[in-house]
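Student:
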DNA sequence: TTTAGTAACTTTCAATATGCAAGTCGGTTG
DNA sequence: CAACCGACTTGCATATTGAAAGTTACTAAA
């Protein structure tokens, strides 16, 4: 767990920071969860309701990975029954610039795109 | 082909620009090819020599997709035998901001990262 | 006191994507 | 003619994804 928190794995594909970030968020779904957090969503069921309809098993896996890499954190907001809330860490919030650059590119080059994130 | 060039597919997961860009470059390899192009690489064999060792079939597939989406273009730089050079289009060059944001995040949060891209 | 409902997952299994190795094609060089 | 090069393509085993259903813990309604 600390192994991934500090990312000291020497199993990285290369020392390139682009390769490094892609090893963490380089897939079709992970950054959509991060986007949802920026958009104010906090719970598992809220993520599931997003228009892309992320499969439940994938969502569980991505949340686990984001936790392992210290990009999000999880805390119970009620007991009996226990329910959890997810939030971005500092490290996660710093992905905002990546997301903003993506939004800019998408709005310019993909017709019909309209942002959901507040800047 | 024009169908993808203008991205008028209504098969997109959602109108979100983040989802849209992830449908195009959201995987472990595509942005590494784009990074290589920013780093001055131009040919198939140069891409293959990058430290992440992209599998040949994946490289061929990603180049094809990048061409379809108008992010790169291909031209022969010699005949007999014919050899090709790839280059970023305007649309491709505009991914520079996404890459730069990723480099910044990676250098800050992934120990041992060192950039290969010239700003 | 079953019955229904909700949130947060987990499991199963078929379909798709990835990765490695080897092969192909057109052509040049020794 | 044998070896080599660049740019791919093919075959096949393994890994990941996705759709759907199931589980757990608990509350509220009938």
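Protein chains in written order, with the numbering used here: chain A, 1 to 119; chain B, 120 to 238.
Where is the CB? At the ideal position from N, CA and C, for every residue including glycine.
1. Got a sec, what are the start and stop residues for the alpha helix (DSSP H) residue 233 of chain B sits in?
2. May I ask whether a heavy atom of the ligand NAD can be found less than 7 angstroms away from the beta carbon of residue 26 of chain A?
3. Considering only C-alpha positions, which residue in the set B:156, B:142, B:198 is nearest to residue 208 of chain B?
4. Residue 191 of chain B by DSSP, collapsed to three states: which one?
5. Just checking, does the stretch 28-47 of chain A make contact with the stretch 127-145 of chain B on the three C-beta pairs under 8 angstroms criterion?
6. Counting only Cβ-Cβ distances shorter than 8 angstroms, please list the residues of the stretch 222-234 of chain B near chain A, keeping chain order.
7. Where does residue 62 of chain A land, buried or exposed, given buried means 16+ other C-beta within 10 angstroms?
8. At 8 angstroms on the CB atoms, spell out the chain B contacts of residue 98 of chain A, in chain order.
9. Against chain A, does residue 159 of chain B count as a neighbour if the rule is that its beta carbon must be under 8 angstroms from one of theirs?
10. Closer than 8 angstroms by beta-carbon distance: list the chain B residues that pair up with residue 94 of chain A, in chain order.
11. Work out the CA separation of residue 112 of chain A and residue 164 of chain B for me, nearest whole Å.
12. When you compare the CB of residue 66 of chain A with every CB in chain B, is at least one pair closer than 8 angstroms?
13. Taking beta-carbon pairs under 7 angstroms, can you tell me which members of the stretch 25-50 of chain A lie near chain B?
14. Where residue 39 of chain A and residue 227 of chain B are concerned, what is the direct C-alpha to C-alpha distance, given to the nearest angstrom?
15. Please check if any C-beta of chain A sits within less than 8 angstroms of the C-beta of residue 174 of chain B.
16. Is it right to say residue 130 of chain B is buried, meaning 16 or more other beta carbons lie within 10 angstroms of its own, or is it exposed?
17. Note the first and the last residue of the continuous alpha helix (DSSP H) segment covering residue 255 of chain B.
18. Nearest to residue 51 of chain A by CA position, among B:162, B:186, B:135, is which residue?
19. The beta strand (DSSP E) that contains residue 214 of chain B, what's its start and end?
20. Would you please verify whether the beta carbon of residue 13 of chain A is less than 8 angstroms from any beta carbon of chain B?
21. Please identify the residue among B:175, B:220, B:234, B:188 whose C-alpha is closest to the C-alpha of residue 110 of chain A.
22. Roughly how many whole angstroms lie between the Cα atoms of residue 56 of chain A and residue 86 of chain A?
Tutor: Taking the structure as given:
1. Looking at the DSSP string, residue 233 of chain B is not in any alpha helix (DSSP H), and its letter there is neither H nor E.
2. Inclusion of the ligand NAD in the displayed structure is not the case, the ligand content being empty and no account of it being possible.
3. B:156
4. strand
5. yes
6. 222, 223, 224, 225, 226, 227, 228, 229, 230, 231, 232, 233, 234
7. buried
8. 217, 220, 221, 224
9. no
10. 224, 227, 228
11. Approximately 37 angstroms, taken between the alpha carbons.
12. no
13. 26, 27, 28, 31, 32, 35
14. 24 angstroms
15. No, residue 174 of chain B does not count as interfacial toward chain A.
16. Label assigned to residue 130 of chain B: exposed.
17. Outside the shown range of chain B, which is 120 to 238, sits residue 255 of chain B, and nothing can be said about it.
18. A check of alpha carbon separations from residue 51 of chain A across B:162, B:186, B:135 identifies B:135 as the nearest.
19. That residue, residue 214 of chain B, is in no beta strand (DSSP E); it is neither H nor E in DSSP.
20. yes
21. B:188
22. 16 angstroms
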